[in-house]
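Residue numbers (this note's numbering), protein chains in the order written: chain A, 1 to 199; chain B, 1001 to 1199; chain C, 2001 to 2199; chain D, 3001 to 3199. For each residue, glycine too, the CB sits at the ideal point set by N, CA and C. One structure below.
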DNA sequence: TATGAATGAGTATTCATTCAT
DNA sequence: GATGAATGAATACTCATTCAT
């Protein structure tokens, strides 16, 4: 597969078409119910062309899932740090709240990333040379800001990771399954927990 | 399909064979790579017989996943409460530790339940009339023991749920993906978090 | 299989249940979509019992199809010959009209017998010793009444048969398929043809 | 699926292979006893290729049944109208006779089209834009030639349709079931009826 | 780079029938 | 006669991927 910068404008266009077609169909019908055939039809591209741009169906999915994760995280982070007031914990909760609200409005995105989320994938992309400095920066910044006694940076990163994971898990079960309660009911408890952890 | 108590001894036996065959193969090869054919072959039973006992492949999977969850939880809870010393938090952490150790030894079980876990399914079974009082009791007992200021029982249950979810999530990513760190490295941080939440 | 007169009252009852269940389900869902399982469930009878009364699924179907044919024909014939006025042709057309009206109201019966009608079956039953004298009598009577020059009884029977077949065929295509026209539109043309043939 | 005219020569060839394989096997073993598997094996084509050319098994059957109907009708019509002598009725009977003789020699074709004949299918194909003008022309010509007092063109078409249906029905029961008599015995009576109807 | 015809492995499920009890 | 658990053969259809053009 070619890397992005080698692609001509026309190729960029085809690639983008495939991504948008995949995103639409995966979100609409799920992974199992979306065939490569449907994707190329929607992207107005020949069957074989798909494999010129993506190694296989999973590769396309991974890219889409990553894009969703990335944009949701970045958007929430930026909004939280654009706030003029608020301490670290308040900003963190504001960020989580934004993420929750996003998924509450787009539950299909949540369903897709939750069932197919792959942390190694995320990690790999973040640490690829020169790639996604932005996202790396966000995670570092969150870890550095954390004030817990006798904690080093790696441990801080783990705390952030654990907390975010918990939020995503709860999002999924509360929004998708309404279990153990709906999201709005869960929110105060969740924020109480976060305050205890980060405080 | 028949309910469990209507089954004769011979039928119980066949059913048990199917469950064990399914468990073995699902754990060994995953859901997608396990055919009904393989299951009945291993269970020494005719193809049609499978559908006498389970509505479809998913029904079998659900039962297996539920059984795993249940037994892991109960075992850990019992061990923790058999301790003579220790306060609530200590027992809770002991319980989580037991769960983690279980899955560290049987990562395939973890992979299976994480990809196919359905909380509504669990909920449904727990609350069915007269069914699984034991598991219900465990969850209630954990919630009741929780001492956080100004918290009611439902909120307490949510805290328990959130905490357990976080543990399961971390188990999955640390044990299966070794991300963001391996399980042993994550443990102290996790227990620190738990202490902060429950304390 | 047992013949009818050997059956006890209880057995008659079971047999009748199976017939009614089969009739209902065949008419409702068609042959392919009706399983023996569904039939025995509806008849409140064990699976094996079915095969005590009918050699197989087809045997049940044949009996049902025969019953429908028989009763429709007899009913129409009797009504036509109960008329006080009218010559042979008029009565014949009256009879056909009654059959058509019957099937217009019960198109599922028409679909069932048309797809699964077996003339040899009918013949076999009619000519079985002492069996269905009534139906034989009807066909004979229709043939004998026919006045066409230089025609013998066998030929007369063939004319009757051909005419009835044509009516059934047209019923099927006009009522079920609305082709080449609907039944009401076809009727005058059909009766014109009958008059030409029998006149 | 592609329409016929879009197919390359190679594809035409594969399609033809599938049609011939289907025809052979359907005629030899009937619809139920012919698997798609057997068809593709005989056509020397991969399983998936079948579904490139036909939507499903039924679609293939429909095409075959239509082809048989079409060719038998056209052949008979042409032979009848190639006659130098004979009035309308004589030609019509000649045509029917040709059809009967055809099916007498190929009873399996008769069995296949009779059980699976779908007049709407025929109609649909005939009336598709620019499609099968030839067959339409035949039916129109037969209807126009009919001389019955006070009859309009639509009614004439219905008479033709009813007559042809009767012939096909009798073919089926006389040739396949030998009921109510064999075909040769039935012929004179049938032609007598036709003369009465068309005369 | 782009195409799209061809491939063929892969599988869940149904159901008529039997037979031990 | 009655049961109903057990059988296992039988089959249409999908779809990711390839490769000749």
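The Cβ atoms of residue 155(A) and residue 1189(B) lie closer than 9 Å to each other. For residue 3016(D), the number of other beta carbons within 10 angstroms of its own is below 16, and it is reported as exposed.
With a threshold of 9 Å between beta carbons, residue 3065(D) makes no contact with chain C. Burial of residue 3109(D) is indicated by the presence of at least 16 other C-beta atoms within 10 angstroms of its C-beta.
The DSSP-derived three-state label of residue 37(A) is helix.
In the DSSP assignment, residue 2088(C) falls within the unbroken alpha helix (DSSP H) covering 2088-2105. The C-alpha of residue 1020(B) is placed about 9 Å away from the C-alpha of residue 1042(B). Comparing alpha-carbon positions, the option among 65(A), 46(A), 80(A) lying closest to residue 142(A) turns out to be 80(A). DSSP places residue 1047(B) within a helical segment (H, G or I) once states are collapsed to three. In summary, the residues of the segment 171-183 of chain A whose CB is separated from some CB of chain B by less than 7 Å are 173, 177, 179, 180, 181, in the order they occur in the chain.
Setting aside the 5 residues that flank it on each side, residue 3007(D) is surrounded in the same chain by 3015, each with a C-beta closer than 8 Å to its C-beta; the list follows chain order. Of the candidates 18(A), 46(A), 104(A), 104(A) places its Cα closest to the Cα of residue 183(A). Assignment of residue 2030(C) by DSSP, reduced to helix, strand and coil, places it in the coil class.
Around residue 113(A), the same chain offers 65, 68, 69 as residues with beta carbons nearer than 7 Å, after the five sequence neighbours per side are excluded.
Under the three-state reduction of DSSP output, residue 2199(C) falls in the coil class, being neither helix nor strand. Going by DSSP, residue 81(A) is part of the alpha helix (DSSP H) stretching over 57-82.
The Cβ neighbour count for residue 22(A), taken over all protein chains shown within 10 Å, is at least 16; the residue is labelled buried.
In the DSSP assignment, residue 3167(D) falls within the alpha helix (DSSP H) that extends over 3153-3171. Taking a contact as a CB-CB distance under 8 Å, the pair residue 2086(C) and residue 2077(C) does not count as one, their CB atoms being some 13 Å apart.
Around the Cβ of residue 2157(C), a 10 Å sphere holds 16 or more other Cβ atoms; the residue is buried. At a cut-off of 9 Å between beta-carbon atoms, residue 3094(D) makes no contact with chain C. With respect to the 9 Å criterion, residue 2050(C) and residue 2061(C) are not classified as neighbours on the basis of their beta carbons.
Residue 160(A) and residue 12(A) have their C-alpha atoms some 36 Å from each other.
Between the alpha carbons of residue 1193(B) and residue 57(A) lies a distance of about 38 Å.
Within chain C, 2162, 2165, 2166, 2168, 2169 have C-beta atoms less than 9 Å from the C-beta of residue 3169(D), given in sequence order. At the C-beta level, residue 3128(D) and residue 2166(C) stay beyond 9 Å of one another. Not a single C-beta of chain B is nearer than 9 Å to the C-beta of residue 30(A). Here residue 3185(D) carries a helix assignment [DSSP, helix/strand/coil]. When the beta-carbon positions are compared, residue 2145(C) and residue 2088(C) come within less than 9 Å of each other. The Cβ atoms of residue 2126(C) and residue 2171(C) do not sit closer than 9 Å to each other. For the pair residue 2031(C) and residue 2123(C), the CB atoms are not nearer than the 9 Å cut-off. Those residues of the segment 3119-3141 of chain D placed with their C-beta closer than 9 Å to a C-beta in chain C are 3119, 3120, 3122, 3123, ordered along the chain.
When the Cα atoms are used, residue 1024(B) and residue 1038(B) turn out to be separated by approximately 11 Å.
Distance from the CA atom of residue 2175(C) to the CA atom of residue 2107(C), rounded to whole angstroms, is 7 Å. When Cβ-Cβ separations below 9 Å define contact, residue 1109(B) makes no contact with chain A.
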